[in-house]
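Each residue of the first sequence is one higher than the one before, starting from 1032 at the first, in the working numbering. Here the structure is laid out as structure tokens; the discussion comes afterwards.
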Amino acid sequence: MPVSAPSWLVAVPRPIPAYDFAPPHGYTGPLPLGCRVLVPWRGEPLVGVVVGTGNERQSHRLREALQLLDDPDMPWVAPATVQALGEWAASAALPLGLVWDDLLGVGWTPALSHRVRAVAGADLRAFAANAAPAAVPGPEWSDGSSYLPALLDAVREQGLLDEDFTPVQPTVSRVFASELGQGQLTPKQREAAEWLTEYPGQASLSSWARGAGVSGSVVAAVLGKGHAELREEPAPPPALTPGAASWTSEAPDALPAEGLRWRLNGGKFSARARALAPRIQSHLRAGRSVLVLAPEHATLDRAWAELSGLAAPCGTEAILLSGLLSPEARAHSWGQLRSGAARLVVGSYLALTAPLRDLALLLVLDEGSDAYKLPSGSRAWVPDVAQAIAAAHRAELGTAGVVPAVEIVQWPALELSMPRVRLHTVDYGAPPQQPELGPLSMPGQAQSSLGYPLSHDLRAVLRQVQERGRQAALLAPRRGYSALLRCPQCDYAPQCPNCDVPLRFHRSTHQLTCHQCGHHQPVPRSCDNCGEAMWQTKGPGTEWLAQEVSQLLPGTPVYRVDKDHQDDLTALHAGESGVVVGTGLMLAQPAPPELALVAVTLADTWLNVPDFRASERYHALLWELAEWHPARAPLLLVQTFQGSHPALEALRSGESVSAYPRQEWELRRALGYPPHACLAQVEVAARDRERAHSAADAVAAALYSAGATAQEVLGPAPAPIARVRGVYPYHLLLRARSPERLRELLDAVSSVRAGGRVRVDVSPRHLT
DNA sequence: AGCACGCCGACT
DNA sequence: GTCGGCGTGCTC
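Next up, the structure:
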């Protein structure tokens, strides 16, 4: 008796667990871990990834996989990565398919040609039911797409279908001269035909016409008379982003040597790149691979510019991998890595699963950046996944950024020196009355003799900047005009119809926009509440601030940079005098060359956030501002109600970038926050408020009956925005002392049928 | 996630 | 009578 082949566990890009399939008919090779496989899914072929061996005991008959798409010797994803994703998904109690869907960005939709035929001797006409006999495959190969998928699947399930999926090579059509033409050509047409003989293989008729110097109708006529023909040719590989010029660092490797994790902080970006170079190059020279992750595109571009040149001197290539690439370019880059032709990847989170040969170093840039939180289904915290992947590959895990995250401040470190910060604080004094931070209750001129938004000191420095023809940057709390539209009569602010938040006013479009769901509408003629026709629209956004600066400095150009409004900064970057007002987004751009002043107009915006990481973010922001243009060392002016905040003190005293995170690390130990605890936020939502509430209570009850303590379960509480996109979310916060304990709690959550939509966010970034 | 099924209310 | 809202369940 032959031993039945073990089944395969296959992850498909759906928010469900991995499912079992029998190997394709006749397959006898080893378990193709990390290879893509076509499986029957609801009657149609679907690409999945083999992630393990299936359960031996199955209650139902397994379907056979249709076809293996990758050579088991060259899997689409490294087996160690497969293992890491499996472990991470389990630790977060997430269905494996959801995790794969989020983290594998390449290879789900290969172009395949599908051929089918009946197995020898089978007559499939019975399957046609009332359709025409031609609607079923015969004994000869024919195109699978010409049959109903459901019919093919019925035949397939009976084992009567031979089928074959072959990758389709992408082609382009090119124009060539042809001998087979008939009929006379006019002089113009002959001219065009002769030009084509000289320059064959034109990519389009218009390029031919342009090249030959004739109109499109002339070349069309030549083609029509058969003196030219279109031929399909294999498409050339897509152009990959060229790397920077080769360079090799002469400096010795000063990074921590012992252990598998380290951090590199302080210094300018380029200084950190120089410090990383020896380590990266020694791995590449040893024939191993290095993966560099960046949180967003500005950092990615800088990293590519600084690091891509390290590959060539080590006899390999660098590959840029991000969602901005075309699908073809992504697939081609993937191929370069899979074949081992390139061993240095600089990429976004999509590069996490890149098929690298012998990964030696996984480098996470700006490890604390909130941009690493994926907004999609898995809500993965990319550095968590990166740790799992590095561990599975037994690779070094390095991090590099200006300021270390509190979570990693105890790692072995190399810290580069920071420039001395020229800091000036405008202290508005007593903390503002907290509960209302509406734009109208902002620290206004009436409340402070210092002046807001432009304090006396800031005005003075701005005038100096103008007089000396220099440049200044002002960091605004919010984008747009960003005010609530308020009725001066009854103080009513128009609300979003889907969410429980007031709409925000954008002056440029003269629209009201919901910053939660994107709903927008024109400004109503009069107040919905009392009928008053006047609206007040003052608020602390970039637009208002820019207006104030323009009034203060007539004749000086004022630019705005935020998500909605992006002025052309060419003149500023050319060195012309001006002031730029922006949100944090502004820092993603290079600093203006003549920058003499960076001002934080209201630092408390970063502090008055109900999140235990608020002060950590504030501290990191201050150092990033200080590092933005280290050569010029502009004055950093901070307007705040908390002039003696320890984060500010850390800059003022010129301590190292890790001094404040160390302080926070101790504080969090006392409070039981990460890294001394593992957090997860559970969101329970329903269309009906009462149902959402009772569902949240049911989740809490399930947790307690599974042995959770009051220390471990906080809530449930209604979400800070009581209604979002038409549903009422409730939040529970889980706080466990270890990943294992968190997993126990999450398993209790996923086993309960609460009667509402339950979503889990492990390592949440924004707590409320 | 999709997609089908099935149950209730409002119409040509 | 049916059309269509959306709550529930399933996908090897």
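Using N, Cα and C, we set each Cβ at its ideal position, and we do this for glycine too.
With 16 other Cβ atoms within 10 Å as the buried cut-off, status of residue i
| i | result |
| --- | --- |
| A1317 | exposed |
| C1561 | exposed |
| Y1230 | exposed |
| S1794 | buried |
| G1475 | Note that G1475 has pLDDT 39, beneath the 50 cutoff, so the model's placement of it is unreliable and no number is given. |
| E1721 | exposed |
| H1541 | exposed |
| G1354 | exposed |
| L1644 | Residue 1644 is actually Arg in this sequence, not Leu. Buried, because 16 or more other Cβ atoms sit within 10 Å of the Cβ of R1644. |
| S1513 | Bear in mind that a pLDDT of 49 at S1513, under 50, signals an unreliable position, so the number given afterwards is only what the model happens to contain. Buried, since its Cβ has 16 or more Cβ neighbours within 10 Å. |
| V1580 | buried |
| R1784 | exposed |
| P1443 | exposed |
| L1227 | buried |
| G1247 | exposed |
| H1487 | exposed |
| Y1735 | exposed |
For residue i, three-class secondary structure by DSSP
| i | result |
| --- | --- |
| W1107 | coil |
| T1587 | coil |
| T1272 | coil |
| R1094 | coil |
| K1219 | helix |
| G1572 | strand |
| V1457 | strand |
| G1079 | strand |
| G1378 | strand |
| L1099 | strand |
| S1173 | strand |
| D1154 | coil |
| A1426 | coil |
| W1335 | helix |
| Q1233 | strand |
| D1193 | strand |
| L1135 | coil |
| S1357 | coil |
| V1416 | helix |
| L1394 | strand |
Bridge partners - residue i, DSSP secondary structure assignment
| i | result |
| --- | --- |
| P1198 | L1143 |
| R1790 | E1714 |
| N1296 | G1432, E1446 |
| A1504 | V1611, V1629 |
| Y1050 | V1041 |
| C1561 | Bridge partners of C1561: none, in fact. |
| A1373 | E1348 |
| Y1821 | Outside the shown range of the chain (1032 to 1799) lies residue 1821, about which nothing can therefore be said. |
| R1262 | R1205 |
| Q1670 | V1457 |
| R1310 | DSSP, once it has assigned bridges, lists no residue as partnering R1310. |
| Q1578 | Answer is none; Q1578 lacks a bridge partner. |
| Q1367 | Answer is none; Q1367 lacks a bridge partner. |
| P1406 | Per DSSP, none; premise fails for P1406. |
| C1709 | A1767 |
| V1113 | Paired residue(s): none; V1113 is not in a bridge. |
Nearest candidate by alpha-carbon position, reference residue i, set the options
| i | options | result |
| --- | --- | --- |
| D1719 | P1198, E1686, R1756 | R1756 |
| P1508 | D1593, A1181, V1108 | D1593 |
| L1777 | L1764, G1787, G1786 | L1764 |
| G1060 | P1103, L1077, V1041, Q1098 | P1103 |
| A1779 | H1762, A1729, V1758, R1768 | A1729 |
| L1315 | G1255, P1269, R1388, A1270 | R1388 |
| T1217 | V1245, L1191, T1202 | V1245 |
| A1349 | E1327, L1356, V1323, V1081 | V1323 |
| L1638 | A1678, L1626, E1655, A1622 | A1678 |
| E1607 | T1614, E1625, P1621 | E1625 |
| L1077 | A1111, G1500, P1141 | P1141 |
| D1642 | T1544, P1705, S1689 | P1705 |
| A1605 | A1159, R1501, A1681 | R1501 |
field: Three-pair Cβ contact test at 8 Å for the stretch 1122–1130 versus the stretch 1405–1415
entry: yes
query: How do the stretch 1147–1162 and the stretch 1175–1187 stand: do at least 3 beta-carbon pairs fall below 8 Å, yes or no?
result: yes
- prompt: Can at least three beta-carbon pairs, one atom from the stretch 1442–1460 and one from the stretch 1665–1677, be found at a separation below 8 Å?
  reply: yes
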